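Peer 1: So that we are looking at the same thing, I have put the structure below in structure tokens.
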Ligand SMILES: Cc1cc2nc3c(=O)[nH]c(=O)nc-3n(C[C@H](O)[C@H](O)[C@H](O)COP(=O)(O)OP(=O)(O)OC[C@H]3O[C@@H](n4cnc5c(N)ncnc54)[C@H](O)[C@@H]3O)c2cc1C
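Residue numbers (this note's numbering): 11 to 385.
See below:
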């Protein structure tokens, strides 16, 4: 049953697109505003494998592992096939460590985590020969840990599908940069160069741009941008079932269907909001990837992608209601795992607006810790 509340979502990356999709099933009047269609989401590498991360933050792990487990449900809700989709595919992940002892330790962590996260799938230490059977480009003699539940996702295709479905359900999409103001105790005004509209509830899913959007309301936000660059290559191979490769360090290798293979990404804390590719950084990343996968020498570069991640000062994400602003909701600080956690966060934002229980306790991701009144 649809309801009459006027709802706006600012930001059409993974969080905003998912929130808009679920909101469009419940409300007749949903508008989505986005000036870049997911600046981080469309640049992202696409790895969904939180279980093998050695990050210690319990709340982050809970969010990321539940976020990864949510993907099959999301695909179902989008009527997207699980076994053969260009958007999302569980192809498995191969994780490398510099020392065999660290690989053994990771295997123990993975086995322990599987007790509460069966989505991780089969775990196995693979020899170089077994790795080559799964990833024919492999050229080293090191072993790796394989987790069959690891997945790859095309962030750009996923957000497009979510927005298209939201539009199909009656939502409207505007490719515009907007500003927000608070007109009445429970109403918000959104202005673009072409229109001004009033809403009963607003979701701010603008990633690294949250400080800019909330500053005019007298709020400061603990968010900083981090630049990420990656290279998209093309190979004449059917890579649709090849696993995601996660070597020790920054450069991951993510094969997709249709001959697409990604190498990346950089993590540049001094890059600000700049989206200019840097030749030296990209060349270095590609050279390192070729050491692991010499067959990449035959690949042609089809594009360079640059995006901006949003980080809080303690690297933790937050989402929920903006304090002292009724019916204003937000999520940010998803860092380098937002493709993994973003869909679940988007659905939770829609649950909050419609008064349903959320998948995770909001108190573990407190907005008030990161958004404060400017003194
Ligand atoms: C290079 C790179 C690789 C990554 N790889 C992975 C990965 O492998 N796995 C993983 O889990 N995560 C990965 N991430 C992280 C993930 O992409 C992000 O955390 C996630 O996409 C953030 O989503 P978001 O919806 O919060 O923000 P975004 O995708 O940035 O979307 C925010 C949108 O809001 C728009 N916007 C901002 N202000 C306004 C305004 N005033 N008016 C209108 N629109 C506005 C922006 O233009 C943008 O389109 C990667 C990120 C990068 C950059």
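Here a beta-carbon is modelled for each residue, glycine too, at the ideal position from N, C-alpha and C. Because the structure is a prediction, the values reported are computed rather than measured.
Would you check if the segment 154 to 171 and the segment 325 to 344 touch, i.e. whether three or more CB-CB distances between them fall below 8 angstroms?
Peer 2: no
Peer 1: Looking only at C-alpha atoms, which of 27, 234, 314, 16 sits nearest to residue 196?
Peer 2: 16
Peer 1: Which value, in whole angstroms, describes the spacing of the CA atoms of residue 41 and residue 115?
Peer 2: Distance between the alpha carbons of residue 41 and residue 115 is about 48 angstroms.
Peer 1: Going by DSSP in three states, residue 330 sits in which element: helix, strand or coil?
Peer 2: strand
Peer 1: Does the Cβ of residue 25 lie closer than 7 angstroms to at least one heavy atom of ligand 1?
Peer 2: yes
Peer 1: Ends of the beta strand (DSSP E) at residue 123?
Peer 2: Unbroken run through residue 123 is the alpha helix (DSSP H), 110 to 124; no beta strand (DSSP E).
Peer 1: Does the beta-carbon distance from residue 55 to residue 274 come in below 8 angstroms?
Peer 2: yes
Peer 1: To the nearest angstrom, how far is the alpha carbon of residue 210 from that of residue 332?
Peer 2: Roughly 14 angstroms separates the two Cα atoms.
Peer 1: Assign residue 94 to one of three DSSP states: helix, strand, or coil.
Peer 2: coil
Peer 1: Go to residue 256, then tell me how far its beta strand (DSSP E) extends in each direction, as first and last residue.
Peer 2: 254 to 256
Peer 1: Which runs of the alpha helix (DSSP H), 4 residues or longer, sit entirely within the segment 210 to 266?
Peer 2: 220 to 224
Peer 1: For the alpha helix (DSSP H) holding residue 310, just list the boundary residues, first then last.
Peer 2: No alpha helix (DSSP H) holds residue 310; the beta strand (DSSP E) holding it covers 310 to 321.
Peer 1: Measuring only from the beta carbon, is residue 349 closer than 7 angstroms to any heavy atom that is part of ligand 1?
Peer 2: yes
Peer 1: Per DSSP, what kind of secondary structure is residue 277 in: helix, strand or coil?
Peer 2: coil
Peer 1: Does the segment 250 to 270 touch the segment 222 to 233, meaning 3 or more C-beta pairs lie closer than 8 angstroms?
Peer 2: no
Peer 1: Going by DSSP, what residue range makes up the alpha helix (DSSP H) through residue 65?
Peer 2: Per DSSP, residue 65 belongs to no alpha helix (DSSP H) and is neither H nor E.
Peer 1: Please go through the same chain and pick out, in chain order, the residues whose beta-carbon is closer than 6 angstroms to the beta-carbon of residue 378, but skip the five residues on each side of it.
Peer 2: 333
Peer 1: What does a CB cutoff of less than 7 angstroms around residue 188 pick up in its chain, not counting 5 residues either side in sequence?
Peer 2: 20, 43, 200, 201, 202
Peer 1: Following a CB-centred definition, is residue 187 positioned closer than 7 angstroms to any heavy atom of ligand 1?
Peer 2: Yes.
Peer 1: Runs of 3 residues minimum, wholly inside the segment 154 to 184: which ones carry the beta strand (DSSP E) assignment?
Peer 2: Here the runs fully enclosed are 154 to 157, 161 to 163, 182 to 184.
Peer 1: Using 8 angstroms as the threshold, is the C-beta distance between residue 218 and residue 233 below it?
Peer 2: yes
Peer 1: Let's see if you can read the secondary structure: which residues bound the alpha helix (DSSP H) around residue 139?
Peer 2: 138 to 144
Peer 1: Is the Cβ-Cβ distance between residue 52 and residue 238 less than 8 angstroms?
Peer 2: no
Peer 1: With a threshold of 7 angstroms (Cβ to nearest heavy atom), would residue 81 be considered close to ligand 1?
Peer 2: no
Peer 1: At what residues does the beta strand (DSSP E) containing residue 359 begin and finish?
Peer 2: Residue 359 -> not in any beta strand (DSSP E); alpha helix (DSSP H) instead, spanning 348 to 363.
Peer 1: Of the residues 162, 256, 78, which one's Cα is nearest the Cα of residue 126?
Peer 2: 78
Peer 1: How many angstroms separate the CA atom of residue 297 from the CA atom of residue 97?
Peer 2: Going by C-alpha positions, residue 297 is about 28 angstroms away from residue 97.
Peer 1: Our contact map puts residue 29 next to residue 356 with C-beta atoms below 8 angstroms; I'd like the distance itself, whole angstroms only.
Peer 2: 4 angstroms
Peer 1: Determine the direct distance from the alpha carbon of residue 208 to that of residue 176, and round the result to whole angstroms.
Peer 2: 20 angstroms
Peer 1: Which term fits residue 183, buried or exposed, when burial requires 16 or more other beta carbons within 10 angstroms of its beta carbon?
Peer 2: By the beta-carbon neighbour count (other beta carbons within 10 angstroms, threshold 16), residue 183 is buried.
Peer 1: So, using beta-carbon positions, are residue 61 and residue 145 closer together than 8 angstroms?
Peer 2: Contact: no.
Peer 1: Can you give the Cα-Cα distance for residue 26 and residue 213, rounded to whole angstroms?
Peer 2: Rounded to whole angstroms, residue 26 to residue 213 spans 8 angstroms at the Cα level.
Peer 1: In this structure, what does DSSP give as the bridge partners for residue 300?
Peer 2: In the DSSP output, where bridge partners are listed per residue, residue 300 has none listed.
Peer 1: Taking the continuous alpha helix (DSSP H) assigned at residue 24, which residues delimit it?
Peer 2: 24 to 36
Peer 1: Based on Cα-Cα distance, which residue from 18, 350, 384, 345 lies nearest to residue 181?
Peer 2: 18
Peer 1: Determine the DSSP secondary structure at residue 135, reduced to helix, strand or coil.
Peer 2: strand
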